[in-house]
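Asks:
2 protein chains.
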Amino acid sequence: MRERDLIARLLAPLATAPAARGLADDAAVFAPPLGRELVLTHDVLAAGVHYLPGDPPSDVAWKLLAVNLSDLAAMGARPAGVLLGLGMSAAEDAAWLTAFAAGLARGLERWNVALWGGDTVSGLAAAVLGLTAVGTVEPGTALSRAGAKPGDGLWVSGPIGDAGLGLAVARGEAPFDKALLARFRRPEPQLALGQALVGRATAAMDVSDGLLIDAGRLAAASGVAVTVELGRVPVSPAAAARVAAGDAGRLALATAGDDYALLFTLPDGIEPPAGCTRVGAVAAGAGLTVVGTNGAVIVPERLGWEHQL
Amino acid sequence: MRERDLIARLLAPLATAPAARGLADDAAVFAPPLGRELVLTHDVLAAGVHYLPGDPPSDVAWKLLAVNLSDLAAMGARPAGVLLGLGMSAAEDAAWLTAFAAGLARGLERWNVALWGGDTVSGLAAAVLGLTAVGTVEPGTALSRAGAKPGDGLWVSGPIGDAGLGLAVARGEAPFDKALLARFRRPEPQLALGQALVGRATAAMDVSDGLLIDAGRLAAASGVAVTVELGRVPVSPAAAARVAAGDAGRLALATAGDDYALLFTLPDGIEPPAGCTRVGAVAAGAGLTVVGTNGAVIVPERLGWEHQL
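Sequence lines, in order, name chains A and B.
Using the numbering used here, you'd call the opening residue of the first sequence number 1 and step up by one each time.
Using the numbering used here, you'd call the opening residue of the second sequence number 1001 and step up by one each time.
#1: Can the beta-carbon of LEU1143/B be found closer than 9 Å to that of ALA1204/B?
#2: Helix, strand or coil for TRP116/A? Go by DSSP, reduced to three states.
#3: Since ARG278/A sits in a beta bridge, which residues does DSSP pair it with?
#4: Just to make sure I have the definition right: I need the residues of chain A whose C-beta is within less than 7 Å of the C-beta of GLU1037/B. Which are they?
#5: What residues of chain B sit near TRP116/A, judged by a beta carbon separation below 8 Å?
#6: Is it right to say LEU34/A is buried, meaning 16 or more other beta carbons lie within 10 angstroms of its own, or is it exposed?
#7: Cβ of PRO139/A less than 9 Å from any chain B Cβ?
#8: For ALA1248/B, which of ALA1094/B, ARG1171/B and THR1293/B has the nearest alpha-carbon?
#9: Quick one: which chain A residues come within Cβ less than 9 Å of ALA1102/B?
#10: Under the three-state reduction of DSSP, which class applies to GLU109/A: helix, strand or coil?
#11: Where VAL1207/B and LEU1262/B are concerned, what is the direct C-alpha to C-alpha distance, given to the nearest angstrom?
#12: Please list, in chain order, all residues of the same chain as GLY1123/B whose beta carbon is under 6 Å from its beta carbon, the five residues on each side excluded.
#13: If you reduce the DSSP assignment to three classes, tell me which class ARG1171/B lands in.
#14: For a minimum of 4 consecutive residues, which ranges assigned as the alpha helix (DSSP H) are wholly contained in the segment 182 to 207 of chain A?
#15: Helix, strand or coil for ILE7/A per DSSP?
#16: Measuring only the C-alpha atoms, how far is GLY1199/B from THR1141/B?
#17: In whole angstroms, give me the CA-to-CA distance for PRO1013/B and GLY1118/B.
#18: To test your reading of the DSSP string, which unbroken beta strand (DSSP E) runs of 3 or more residues are found completely within the segment 215 to 254 of chain A?
#19: Which residues in chain B sit within 8 Å of ARG145/A, going by Cβ to Cβ distance?
#20: I'd like the list of long-range same chain contacts for ALA284/A, defined as Cβ closer than 6 Å, with 5 residues on each side in sequence excluded.
#21: Apart from the five residues just before and just after ALA1046/B, which ones in its own chain have a Cβ nearer than 8 Å to its Cβ?
#22: So ALA1031/B packs on VAL1082/B, CB below 8 Å; how close in whole Å?
#23: Determine the chain B residues that contact GLY87/A at a beta-carbon separation under 7 Å, and present them in chain order.
#24: Does DSSP classify PRO79/A as helix, strand or coil?
#25: Could you say if the segment 1215 to 1223 of chain B and the segment 1090 to 1102 of chain B meet the contact criterion of at least three C-beta pairs nearer than 8 Å?
#26: Along the segment 1191 to 1215 of chain B, where does the CB come closer than 9 Å to a CB of chain A? Name the residues.
#27: Only counting the same chain, and skipping five residues up and downstream in sequence, which positions put a Cβ closer than 7 Å to that of GLN1308/B?
#28: Would you kindly report the start and end of the unbroken beta strand (DSSP E) that includes ALA126/A?
#29: So, helix, strand or coil for LEU1309/B, using DSSP?
#30: Kindly indicate which residue of ALA80/A, GLY166/A and GLY147/A has the alpha-carbon position closest to the one of LEU1038/B.
#31: Check the Cβ of GLY151/A against every Cβ in chain C and list those closer than 9 Å, keeping chain order.
#32: If we call anything under 9 Å between Cβ atoms a contact, is LEU64/A one with LEU131/A?
#33: Span of the alpha helix (DSSP H) holding VAL67/A?
#34: Measure the beta-carbon distance from THR1277/B to ALA1201/B and round it to whole angstroms, keeping in mind my assumption that it falls under 8 Å.
#35: Hey, is the segment 49 to 59 of chain A in contact with the segment 1100 to 1108 of chain B, meaning 3+ C-beta pairs nearer than 8 Å?
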C-alpha cells in the first residue's frame, strides 16, 4: 500500500478539525483562542525502549497520546491538537496500523483533542513514534516546576508504582494482573486536576521517571529542599500485595517510572484537590531527602530512571 | 554521560527563548503575537532513509530544520519556534551530538527561530530525528495547495534536480561536486519568498518528492488540471552538465526529490517574484500533463518519490 493511501484511509478520517486542512497542505493552521498562551510538548516512544514490540497497537497509540497530554496536564493546560510522527518498521503492517489508528481515535475522542497533521516514515529497524501536543492556558498561569516554597506541602495525585509492576507483567516477569498491566499500557493524564491546580499549586510536574527522581528535579528547579516520607506514598492494594512490606517495597514503587501521576506543591491553607495525598514537605535548602516509616533518613541506591546516553 | 547532562551541555544553551523555560519544565509556553494564527508542521528524518549515516551531523541538523521550515515557507508563515525529538543509536556519540548541536545552533540563528523543547531517546537501532516547527501568519492568509484556478500560471522558485544529483554524489555514485552535494545536504527553505507570496499566489507548496509528483498533488488539491512544460523547468549549469540533453535529462531532474523550492500558482497580471520561473499552466479539468520540448505530451514512468509502506 502506498503511504499516501494509508494516510488517507486510516488517519485522514481522524483529522476532522479545520486546523488539519484535511491533511492536504504542508502544515496545519490553528487559530488560538483569543488571549491564550500555548503550551507545547514533544515526547517520543520507541519500540523496545518505551514499550514492548508485542504490546497491543491500540494501547501504544493511547500511551503515546497520554504521555504527551500528561505534560500538558502538568502545566495546567487544556489540550487543543497534536501532530503525529509515525516511524514504521516492517513489523507495523496494515493490521498493526489499523489497530493503532483505532486506539488513537479513542484517545483523541476521550481527551477531546484534534489530530492536526504530522509525518509518516517507513523502513525503520523498529518503530519510533513521536507526538507533539499543543494546549492552551490563560496568560501567565501555566504551572512550572520552579515555584515550590519552603513550608509548602508535597502532594501526589494517586497511587505510585503500579505502572512499574505492570511493566513486569508485560515482560512476563510477574504474574498476570489486568489492572496493573493497564496502568502501564494505558496511563491516564491528569488533565482536570492539572487545570484545577492553576492558581493553587506553587509547582507541578508529572511523575514519569519515578517519584523520587522527579521530586529531586522539582527541588532542583525550585531551589528548595524536598523531603519525601515513604510511609505516606499512596500504594494501591494490588501493588501492596506484590512488594515487600515496609520501606524496601515502598522504595521499589517510588523508583519505578511511568506513573503519570501529578506531583505538586501546595502552600499551607490551600485546600488540596480530592483524591490527592500529601507525601512530603518543602524546606529551605537544596536536594532530596527520603525518610523511612520509622522516621530515619534513607539513602536509596537509585532514585528512578535516568536514561543513559 | 547522562541524558540530562548531555541536554544541559549541548541543547540548553540553544534554548534561550522565554518559551523554552530553560528546558526545565514539562512543556514550553509560547505567547503568540496578538491576532496571529499558528502554522504547525512535523517532519521526520531517519538515518539510512532520508540521509546517509555518514553525512556530517551538522548538515543533518541543518536539513532537519530546513525541511520543516520549508513547510512553513510553503504556507507563507514566519517561523517562531521548534521542538526537537532526538532519537539516538550507539552511533550518535558525544562527537556526533556536539556537531549536530553546532549545526542546529547555526540553523536556528540563520532562520531566527527558537528551540523551545523536545525529547531525547537513546538505544535505537539507527537515529530517527523528528522536528516540530511552529510559525505565525495573519489570520486567513496562510497559503494552501488548494486554491489554483484555471488560467493561472505555474511557477517554481529555483533550479530543479540539483539535490537529486547531490544525493548521487553523497552515495559515491557520481563524481564529487561541492555545490550539488550542498544542495542535497543543506537545502534552503524559501521563507522570504513564501511570505511574499501571501496575497499573491493562489496555491503554493514545497517541492520535496519531485516537481512532477508535487505538481500532480497541487492539481488534485485544487481540483484543476496542471501542465508542466519540461523545456521551461529551470536547470542549474552543474545539473545540465550531468544529465542527458533534452527531455530525458529534464525528466530525471523533475522527478528527483529534496529540492525544497516553492511551487506556486499566480493569476495572470500578478507580478512574479524575482528569480522565479514559469514552468506551466493551470486549466479546468484534472490531473497532470507533462509536455516535452517539442510540444508533445510525455507519459513518464514515474513522477517522483512515493514512499512505499
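The beta-carbon is built from N, C-alpha and C at its ideal position, and this holds for glycine as well.
Since the structure is predicted, the reported quantities are computational estimates derived from the model, not experimental observations.
Replies: Reading it off the structure:
#1: In the second sequence, the residue the question calls residue 1143/B occupies position 143. In the second sequence, the residue the question calls residue 1204/B occupies position 204. In this structure, ALA1204/B lies closer than 9 Å to LEU1143/B by Cβ.
#2: One-based indexing of the first sequence puts residue 116/A at position 116. In the three-state DSSP reduction, TRP116/A falls in the strand class (E or B).
#3: Indexing the first sequence from 1 puts residue 278/A at position 278. Note: ARG278/A sits in a beta bridge opposite TRP155/A.
#4: Along the second sequence, read from residue 1 onward, the residue named residue 1037/B stands at position 37. Correct list: VAL29, PHE30 and ALA31.
#5: Here residue 116/A is taken as the residue at index 116 of the first sequence, counted from 1. Neighbours of TRP116/A on chain B, chain order: LEU1040.
#6: Taking the first sequence and counting its residues from 1, one reaches residue 34/A at position 34. Counting Cβ neighbours within 10 Å, LEU34/A comes out exposed, since fewer than 16 surround it.
#7: Taking the first sequence and counting its residues from 1, the one referred to as residue 139/A is at position 139. PRO139/A counts as touching chain B.
#8: In the second sequence, counting from the first residue as 1, residue 1248/B sits at position 248. It is THR1293/B.
#9: For the purposes of this step, residue 1102/B is taken as residue 102 along the second sequence, with counting starting at 1. Within 9 Å Cβ-Cβ: nothing; ALA1102/B doesn't reach chain A, min ~17 Å.
#10: As a first step, residue 109/A is located in the first sequence; it is residue number 109 there, counting from the start. Correct three-state label for GLU109/A: helix.
#11: Locating residue 1207/B in the second sequence gives position 207, counting from the first residue. Locating residue 1262/B in the second sequence gives position 262, counting from the first residue. Answer to the nearest angstrom: the Cα atoms are 6 Å apart.
#12: Stepping through the second sequence from its first residue, residue 1123/B is reached at position 123. Same-chain partners within the cutoff: there are none.
#13: Residue 1171/B sits at position 171 when you count from the first residue of the second sequence. Judged by DSSP in its simplified three-state form, ARG1171/B adopts coil rather than helix or strand.
#14: Here the runs fully enclosed are 191 to 197.
#15: The residue given as residue 7/A occupies position 7 in the first sequence. The answer is helix: DSSP assigns ILE7/A an H, G or I state.
#16: The residue labelled residue 1199/B in the question sits at position 199 within the second sequence. The residue labelled residue 1141/B in the question sits at position 141 within the second sequence. So the alpha carbons of these two residues sit roughly 7 Å apart.
#17: For the purposes of this step, residue 1013/B is taken as residue 13 along the second sequence, with counting starting at 1. For the purposes of this step, residue 1118/B is taken as residue 118 along the second sequence, with counting starting at 1. If you take the alpha carbons of PRO1013/B and GLY1118/B, they lie about 14 Å apart.
#18: The DSSP assignment places complete beta strand (DSSP E) segments of no fewer than 3 residues inside the segment 215 to 254 of chain A at 225 to 229, in order along the chain.
#19: The residue labelled residue 145/A in the question sits at position 145 within the first sequence. Near ARG145/A (Cβ distances below 8 Å), the residues of chain B are ALA1024, ASP1025 and ASP1026.
#20: Start at 1 with the first residue of the first sequence, and residue 284/A comes out as number 284. Cβ contact annotation for ALA284/A (same chain, cutoff 6 Å, sequence separation greater than five): PRO150, in chain order.
#21: By 1-based counting over the second sequence, the position of residue 1046/B is 46. Excluding residues up to 5 positions away in sequence, ALA1126, ALA1127, VAL1128 and LEU1129 lie with their Cβ nearer than 8 Å to the Cβ of ALA1046/B in the same chain.
#22: The residue labelled residue 1031/B in the question sits at position 31 within the second sequence. The residue labelled residue 1082/B in the question sits at position 82 within the second sequence. With a beta-carbon spacing of about 17 Å, ALA1031/B and VAL1082/B fall beyond the 8 Å limit used to define contacts.
#23: The count along the first sequence starts at 1 and reaches residue 87/A at position 87. Under the 7 Å cutoff, chain B gives VAL1044, ALA1046 and VAL1128.
#24: The residue you call residue 79/A lines up with position 79 of the first sequence. PRO79/A sits in a strand when the DSSP states are folded into three classes.
#25: Result no; under three Cβ-Cβ pairs closer than 8 Å.
#26: Result list: ALA1204, MET1205, ASP1206 and SER1208.
#27: By 1-based counting over the second sequence, the position of residue 1308/B is 308. The predicted position of GLN1308/B is uncertain, since its pLDDT is 37 and thus under 50; no value can be drawn from it.
#28: The residue you call residue 126/A lines up with position 126 of the first sequence. For ALA126/A, there is no enclosing beta strand (DSSP E), as DSSP marks it with neither H nor E.
#29: In the second sequence, counting from the first residue as 1, residue 1309/B sits at position 309. Residue confidence for LEU1309/B is low, a pLDDT of 32 falling below 50, so the modelled location carries little weight; the figure read from the coordinates is stated next. Of the three classes helix, strand and coil, the one that applies to LEU1309/B here is coil, per DSSP.
#30: Reading the second sequence from its first residue, position 38 is the one you call residue 1038/B. Of the candidates ALA80/A, GLY166/A and GLY147/A, the residue whose Cα lies closest to the Cα of LEU1038/B is ALA80/A.
#31: Of the protein chains in this structure, namely A and B, none is chain C.
#32: By 1-based counting over the first sequence, the position of residue 64/A is 64. By 1-based counting over the first sequence, the position of residue 131/A is 131. Closer than 9 Å, so yes.
#33: As a working mapping, residue 67/A is identified with position 67 in the first sequence. Looking at the DSSP string, the run of the alpha helix (DSSP H) that includes VAL67/A is 57 to 74.
#34: Numbered from its first residue, the second sequence carries residue 1277/B at position 277. Numbered from its first residue, the second sequence carries residue 1201/B at position 201. Not confirmed; about 14 Å, so no contact.
#35: Fewer than three beta-carbon pairs drawn from the segment 49 to 59 of chain A and the segment 1100 to 1108 of chain B are found closer than 8 Å, and the two stretches are therefore not classed as touching.
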